[in-house]
Amino acid sequence: MKSYTKQKIYSKSSGINFVGVFKDLTCAGNEELKIFMDCEDSRPTTKTEDWTGDSYADRNKNLTLKFCIVPNNFVKTNYDYAILNLTSNVPNSTIRIDRYFDNQDRKNANNSTINGSLTQGWKGYTLLSGGNYQLSWIMYQKTNSSQALPSFNMSYGVLGRFGTNKYNKGYILSDDEDSRNANRCDVYNYSSSGIKTLLPIGSQRSSILRNMMTEGRNTKLYLSKVN
Numbered sequence: 000m001k002s003y004t005k006q007k008i009y010s011k012s013s014g015i016n017f018v019g020v021f022k023d024l025t026c027a028g029n030e031e032l033k034i035f036m037d038c039e040d041s042r043p044t045t046k047t048e049d050w051t052g053d054s055y056a057d058r059n060k061n062l063t064l065k066f067c068i069v070p071n072n073f074v075k076t077n078y079d080y081a082i083l084n085l086t087s088n089v090p091n092s093t094i095r096i097d098r099y100f101d102n103q104d105r106k107n108a109n110n111s112t113i114n115g116s117l118t119q120g121w122k123g124y125t126l127l128s129g130g131n132y133q134l135s136w137i138m139y140q141k142t143n144s145s146q147a148l149p150s151f152n153m154s155y156g157v158l159g160r161f162g163t164n165k166y167n168k169g170y171i172l173s174d175d176e177d178s179r180n181a182n183r184c185d186v187y188n189y190s191s192s193g194i195k196t197l198l199p200i201g202s203q204r205s206s207i208l209r210n211m212m213t214e215g216r217n218t219k220l221y222l223s224k225v226n
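Per numbering that gives the first Met the number 0, residue 0 is the first one in the sequence shown, and the count goes up by one each step.
1. Could you tell me which of 96, 82, 123, 68 sits nearest to residue 112, measuring between CA atoms?
2. When we look at the beta-carbon of residue 74 and count the other beta-carbons within 10 Å, is it buried (16 or more) or exposed?
3. Using DSSP bridges, identify the partner residues of residue 66.
4. May I ask you to verify whether the stretch 123 to 133 touches the stretch 51 to 65, counting CB pairs closer than 8 Å and requiring at least 3?
5. Contact check, residue 182 vs residue 101 under 8 Å by CB: the rounded distance?
6. Got a sec: is the Cβ-Cβ distance from residue 164 to anything in chain D below 8 Å?
7. Pick out whichever of 175, 141, 204, 136 has its Cα sitting closest to the Cα of residue 89.
8. Where DSSP assigns a beta bridge to residue 98, which residues make up the other side?
9. Quick one: using the 10 Å Cβ neighbour count with 16 as the cut-off for buried, is residue 228 buried or exposed?
10. Closest to residue 195 by CA distance: which of 180, 178, 129, 91 is it?
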């Protein structure tokens with residue numbers, strides 16, 4: 000019999016917005032979200048390169064992404080970065096990036112757990128059900144602020160390319176489904192008053208994604224470590 004974890008309400012109704020950061024060694028008492036994505040089986044190229052925390056590609060070229068669930072205490076700093084969105088409450092003056100992964104079609108084995116118990120469904124704009132997953136990200140664009148990212152008493156990772164060497168930056172490459180590939184990436188700008196605008200394909204959208212991920216028939220996620 001499958002065991003499903005009792006779902007925490009990751010929303011403003013509890014007074015806290017929760018997000019995911021890439022796990023590195025420990026979650027320091029925070030809950031762990033583990034996402035297994037069944038990637039393309041035919042001539043697979045799925046891999047990780049340099050620092051990717053506890054996330055990895057296995058011998059079958061499938062991905063396990065590990066996150067720590069933490070309060071959204073994040074602010075803009077002097078580089079671009081993004082965190083996994085687990086609520087429908089997107090902060091004003093941020094960017095929301097929804098990346099839909101067309102995972103392996105045949106005998107798909109996608110699954111997700113929180114602290115070892117199965118979890119599924121929508122987590123805000125992140126979808127963890129079925130044979131294709133959607134990971135939604137909140138991006139904070141760089142500014143002149145000197146504020147630092149929160150520590151949470153642990154090292155962790157975020158999307159971004161601000162790391163300086165192979166020990167604090169890397170990437171995850173997902174070889175997505177070859178047949179009738181349906182990958183999609185939607186980028187939304189949230190104004191200072193919370194007005195949401197879907198950004199069309201163009202230079203503004205490209206500059207936003209450049210330090211976060213590549214899009215197309217496969218997906219590359221850029222990671223940097225936060226100490």
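For glycine and all other residues, C-beta sits at the position ideal for the given N, C-alpha and C. As the structure is a prediction and not an experimental result, all values here were calculated from the model.
Checking against the coordinates, here is how it stands:
1. 68
2. Looking at its Cβ environment, which holds fewer than 16 other Cβ atoms inside 10 Å, residue 74 is exposed.
3. 21, 32
4. Counting Cβ pairs under 8 Å, fewer than three are found: no touch.
5. 5 Å
6. The question asks about chain D, but that chain is absent: this structure has only one protein chain.
7. 136
8. 134, 184
9. Only positions 0 to 226 of the chain appear in the structure, and residue 228 is not among them; the question remains open.
10. 91
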